[in-house]
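K.L.:
Just so you know, the protein sequences line up as chains A and B, in that order. Per this note's numbering, the first sequence runs over residues 1 to 468. Per this note's numbering, the second sequence runs over residues 1 to 468. Ideal Cβ positions, reconstructed from N, Cα and C, are used throughout, including at glycine. Model, not experiment: these values are computed from the prediction.
There are 2 protein chains.
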Amino acid sequence: MSEQSRDNGPENSGTPTSFEDVYAVNTELVRTVEAALESENSKAVRELLAPLRPAEVAHLVVVLGREDRRRLVVTLGDELDVDTLIDLEGPVLADLLVVMSPHAVARAIPELDTDEAVHLLEEMDDARRDQVLSRVPAPDRAAVLAGLSFPEDSAGRLMQRDLIAVPAYWTVGQVIDYCRDTVDLPDEFYEIFVIDPRYRPIGQVSLNRLMRTRRPVLMREIMETEATTIPVDMDQEEVAFLFQQYRLASAPVIDAAGRLVGVITFDDAAAVLEEEAEEDLMRLSGVSSETDFLDTALRTTRTRATWLLLNLGTAILASLVIALFEATIEQIVALAVLMPIVASMGGNAGTQTLTVAVRALATRELTAANAMRIVGKEVVVGSLNGVVFAILVGLVAAFWFSTPALGVVIAVAMIVNMVAAGLAGTLIPLGLARVGIDPAVAATVFLTAVTDVIGFFVFLGLAALFLL
Amino acid sequence: MSEQSRDNGPENSGTPTSFEDVYAVNTELVRTVEAALESENSKAVRELLAPLRPAEVAHLVVVLGREDRRRLVVTLGDELDVDTLIDLEGPVLADLLVVMSPHAVARAIPELDTDEAVHLLEEMDDARRDQVLSRVPAPDRAAVLAGLSFPEDSAGRLMQRDLIAVPAYWTVGQVIDYCRDTVDLPDEFYEIFVIDPRYRPIGQVSLNRLMRTRRPVLMREIMETEATTIPVDMDQEEVAFLFQQYRLASAPVIDAAGRLVGVITFDDAAAVLEEEAEEDLMRLSGVSSETDFLDTALRTTRTRATWLLLNLGTAILASLVIALFEATIEQIVALAVLMPIVASMGGNAGTQTLTVAVRALATRELTAANAMRIVGKEVVVGSLNGVVFAILVGLVAAFWFSTPALGVVIAVAMIVNMVAAGLAGTLIPLGLARVGIDPAVAATVFLTAVTDVIGFFVFLGLAALFLL
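1) Which residues of chain B have a Cβ atom closer than 8 Å to the Cβ of K43 (chain A), listed in chain order?
2) Give me the residue from A:T448, A:V358, A:L324, A:A349 with the minimum Cα distance to N311 (chain B).
3) Compare the C-beta of Q245 (chain B) with all C-beta atoms of chain A and state if any pair is closer than 8 Å.
4) Grab the span of the beta strand (DSSP E) containing A165 (chain A) for me, first residue to last.
5) With respect to the beta strand (DSSP E) encompassing P429 (chain A), which residues constitute its N-terminal and C-terminal limits?
6) Return no unless some Cβ of chain B is closer than 8 Å to the Cβ of F389 (chain A).
7) Residue range of the beta strand (DSSP E) that V253 (chain A) falls in?
8) List the residues of chain A that D39 (chain B) touches, going by C-beta distances under 7 Å, in chain order.
9) Between the stretch 158 to 174 of chain B and the stretch 193 to 207 of chain A, are three or more C-beta pairs nearer than 8 Å?
10) Pick out the complete alpha helix (DSSP H) segments inside the stretch 218 to 290 of chain B, 4 residues or longer, and give them in chain order.
11) Excluding sequence positions up to five away, which residues of its chain have a Cβ less than 7 Å from the Cβ of V36 (chain B)?
12) Measure the C-alpha to C-alpha separation of S18 (chain B) and N26 (chain B) and round it to an integer number of angstroms.
13) Figure out for me which residue from A:T300, A:S39, A:T84 has the closest Cα to the Cα of L52 (chain A).
14) Is there a C-beta anywhere in chain A that falls below 8 Å from the one on G436 (chain B)?
15) Compare the C-beta of P16 (chain B) against all C-beta atoms of chain A and say whether one is closer than 8 Å.
16) May I ask which residues mark the beginning and end of the beta strand (DSSP E) holding G203 (chain A)?
17) For the stretch 93 to 106 of chain B against the stretch 130 to 145 of chain B, do three or more pairs of beta-carbon atoms, one drawn from each stretch, fall closer than 8 Å, so that the two count as touching?
18) Between the Cα of R220 (chain A) and those of A:T229, A:R209, A:T228, spot the shortest distance and give me the residue it belongs to.
19) Could you pull the start and end residues of the alpha helix (DSSP H) that I437 (chain A) belongs to?
20) Beta carbon of V253 (chain A), beta carbon of V232 (chain A): below 8 Å?
21) Return the Cβ separation of G346 (chain A) and T451 (chain A) in integer angstroms, given the expectation that the two are a contact with Cβ distance under 8 Å.
22) Using a Cβ-Cβ cut-off of less than 7 Å, list which residues of the stretch 116 to 145 of chain B approach chain A; keep chain order.
23) Per the contact definition of three or more C-beta pairs closer than 8 Å, is the stretch 398 to 413 of chain B in contact with the stretch 359 to 369 of chain B?
24) Taking only beta-carbon atoms, is I222 (chain A) less than 8 Å away from chain B?
25) Compute the Euclidean distance between the alpha carbons of E330 (chain B) and A440 (chain B), then round it to the nearest angstrom.
26) Could you tell me whether the Cβ of F193 (chain A) comes closer than 8 Å to any Cβ of chain B?
27) What does a CB cutoff of less than 8 Å around R259 (chain B) pick up in its chain, not counting 5 residues either side in sequence?
28) Check whether the Cβ atoms of D140 (chain A) and P167 (chain A) sit closer than 8 Å, and answer yes or no.
29) I need the boundaries of the alpha helix (DSSP H) containing F389 (chain B), first residue and last residue.
30) Taking just the CA atoms, how far does L309 (chain B) sit from M414 (chain B)?
31) Give the secondary structure of T171 (chain A) by DSSP, where H, G and I count as helix, E and B as strand, and everything else as coil.
32) How many angstroms separate the CA atom of E191 (chain B) from the CA atom of F241 (chain A)?
33) T353 (chain B) and T426 (chain B): beta carbons closer than 8 Å?
34) Going by the beta-carbon positions, is the gap between T351 (chain A) and L430 (chain A) smaller than 8 Å?
35) In angstroms with no decimal places, state the Cα-to-Cα distance between F456 (chain B) and G386 (chain A).
36) Once the 5 residues before and after A469 (chain B) are set aside, which same chain residues still bring their CB inside 6 Å of it?
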């Protein structure tokens, strides 16, 4: 490969060969922009940002500190592309929207797709939202308000209202001519929807199918009728699952009467898909706020404290179990030395199981239909690893404290706790899902409570029974 | 809404209003199929599966047990849609490919896009792969082998080779006629690529742009020239990041000489994006195998044992620290009761920070440019929560054991450990990323080692100094 690129050397100097060649935002650029902002050199800032695409400016904005971020918006003023705002979220977006004038935001709204406009307005407080909306032309305002009227995390919030819908008796030629003559089409679209007289979708035709078909053919003849339609109040998680399963480029959204009201595109669904996986990760680790990274230290402290408080409860519960055996520990202090091993191994084995179960629930690979088989598998895994590590830890303990009986006690406790971890790691998320609670939110606390209490109780209890 | 649907009641009985109306695979279906498979009622199995789409059959296959899964493939025989295989992965796919005859797999290959065929062959051992490939027509075989020759997780593996490339001097009309006349087009495409005489991409035109443009216009006049091109050896994680940033539907892939060699579409990128988020989650919890859920109990036990072994090392390290203070614990057994609280709170606070940092690194929101600012923020968060929980735990300890000095000691240890957790939670992943190691893989072990060692050492050490 290097031979080849040397041969073609002078001719393909413009050929990108690495990520850095393709993507402009790197540490050097960030530092240069920071320097320009801090020396208030507006001209330099503008020149540095001019070659960047909106998504790159958005990335730059996220990486900058809060002060620099605001300076950047003030410096760019009207030159700030609204598409940059679309790519931002949470506290960073809220921050910038406060700096921008309501007038500037209002002017941007008509240029955006409905879902994008809704994304911006979601981040504003009611007063500011009203200020902005009062400056938006009436038809755009109505569309945005309709979008905001759907519940958060529903298909209605994800969809855009601009779409192309034609009757089944139109020919391919008519559709193409219609597209050529209509100015106000959506920015991007991948399918033409075919509707009945009551505006209900009865089929769809992908653009590539349309392109391949001769002009006189009727839409009715080439439309796909088995397409997936999304009810407007479907949860975004379910929407994203359907997009992934069927590899959809876009899908029509219908209201309760079956009328076509919008379209969701792949990029919205992909964002939800990644967001949901990330959410599971964050929640399992006790980070409840999706925008934790972007938030101020004070707000981060507050949101994380809730989880730490729950965890304190679990830790105190474990301490109460240990306190039951104070007399035993006083006599055999080796127990205090070894007991964290039992709890920690149980906790870790349980977390492995829990994580796999939570993801499998999210991807619908774990369902009521195979739940018992999976619980069984995890108990087997827990037993097998329990035996392996029981032998290992038993030997370590027996030799360290020259007490074979201590080795046996810790080995038995280890096996019991690893099996408990396998059971708790599957049954807790299954149980939470069953009663309609997100298994990622509360599962870790329950799991740690189980593995700590069982770990300490069995180990210290067996020691009290057999070693005194 | 319910009012409305009641009004339209009889007319829209076919209108889907929930996920279950849209998606066919549910527990009832799984149970019915299982029963049919177990009673060897092939006709019933076929009838149950007939209305399902390939992705739904794939989902069903995942949820079924191993035996039923194999029975299903044998029952369906040639009726098994190859698109079903494409939607499977890892052990489940490998399992089915073993049951199917090489002939059946070989016959499927020419119908697939290159990336899909590569996906199937990746799961086979060399002998079987050769058996299959020897039955595939030469041109398809060459395309698949070329795909397999790229490194795993590279753009070359993700791309398909079928695409539409035209010269810049063609008119829109010529392109449309070409699409209408060519039989062997890719199944799905979203852009037409414009190439120079050396087959290097110089622009692209989305189908919707093409459709809106009148026939005599030249491709040169409407092509977008700023499109993102992907080097063939770019890592799939970087590819997915670019798709997300720029909301791409598809992107051209080029070789080292800049020639167009393939195209990557949004569905491939979305899958990678979700996979990477899921991988971070799994790795942080010590699950190294991406297909852990689908694997057999034995293989799952083995892959998870590695992590448990590492964790055992950390736990023994913590025990060694405790052992330093055996004499102190013997005199004040309350220390043994309370010490897990300090370690556990540090571990949890550290995990919160670590998780946020690992995801921010993956999404490139955390870079060298803002690393120090983020470390600073986490130290502040750690200090603030440290103080809050120090007061809380200090009071609990002081009253529980009626020893105010014990409360002070645990409070100070708590603050120190929470600050250490903030530092370790950011510096460890940043350090690992710097030396080119995936921060999600090893970070948790290091972090627990830090918070356990510091937690036990500071608490027991202060107790030894001030309480004896």
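P.N.:
This is what the structure gives:
1) Within 8 Å Cβ-Cβ: nothing; K43 (chain A) doesn't reach chain B, min ~22 Å.
2) Considering only alpha carbons, the answer is A:A349.
3) Taking Cβ atoms only, chain A reaches closer than 8 Å to Q245 (chain B), which makes this a yes.
4) Here the beta strand (DSSP E) through A165 (chain A) covers 165 to 167.
5) Following the DSSP letters along the chain, one finds P429 (chain A) in no beta strand (DSSP E) but inside the alpha helix (DSSP H) bounded by residues 404 to 434.
6) Closer than 8 Å: yes.
7) 250 to 254 is the span of the beta strand (DSSP E), which, as asked, contains V253 (chain A).
8) With the sequence shown as reference, residue 39 (chain B) is identified as Ser, and Asp is not the correct amino acid for it. None at all; the shortest Cβ gap to chain A is about 17 Å.
9) No, because fewer than three Cβ pairs between the stretch 158 to 174 of chain B and the stretch 193 to 207 of chain A fall closer than 8 Å, the two stretches do not touch.
10) Restricting attention to alpha helix (DSSP H) runs no shorter than 4 residues, the stretch 218 to 290 of chain B encloses them at 219 to 222, 236 to 246, 266 to 284, ordered along the chain.
11) In the sequence under discussion, the amino acid at residue 36 (chain B) is Ala, which differs from the Val named in the question. Here the set comprises A44, V45, L48.
12) Their backbone Cα atoms lie some 13 Å apart in a straight line.
13) Of the candidates A:T300, A:S39, A:T84, the one whose C-alpha sits nearest the C-alpha of L52 (chain A) is A:T84.
14) It does not: the Cβ of G436 (chain B) has no partner Cβ on chain A nearer than 8 Å.
15) The beta carbon of P16 (chain B) falls within 8 Å of a beta carbon belonging to chain A, placing the residue at that interface.
16) For G203 (chain A), the enclosing beta strand (DSSP E) has its first and last residue at 201 to 206.
17) Segment contact: the stretch 93 to 106 of chain B against the stretch 130 to 145 of chain B, three or more CB-CB distances shorter than 8 Å; contact assigned.
18) The shortest Cα separation from R220 (chain A) among A:T229, A:R209, A:T228 belongs to A:R209.
19) For I437 (chain A), there is no enclosing alpha helix (DSSP H), as DSSP marks it with neither H nor E.
20) Going by C-beta atoms, V253 (chain A) is nearer than 8 Å to V232 (chain A).
21) 4 Å between Cβ atoms; contact.
22) Cβ contacts with chain A: none found.
23) Touching, no, given that fewer than three Cβ pairs across the two stretches are closer than 8 Å.
24) For I222 (chain A), the answer is no, since every Cβ of chain B falls outside 8 Å of its Cβ.
25) Computed Cα separation, rounded: 39 Å.
26) For F193 (chain A), the nearest beta carbon of chain B is not closer than 8 Å to its own beta carbon.
27) Excluding sequence neighbours, R259 (chain B) sits near R198, Y199, R200.
28) Going by C-beta atoms, D140 (chain A) is not nearer than 8 Å to P167 (chain A).
29) Counting along the chain, the unbroken alpha helix (DSSP H) around F389 (chain B) starts and ends at 371 to 400.
30) Taking the straight line joining both Cα atoms gives about 28 Å.
31) Look at T171 (chain A) here: in three-state DSSP terms it is strand.
32) Roughly 25 Å separates the two Cα atoms.
33) The answer is yes: Cβ separation under 8 Å.
34) The Cβ-Cβ distance between T351 (chain A) and L430 (chain A) does not fall below 8 Å.
35) One C-alpha to the other measures close to 26 Å.
36) In the structure displayed, chain B extends from 1 to 468; residue 469 (chain B) sits before or after that span and is not available.
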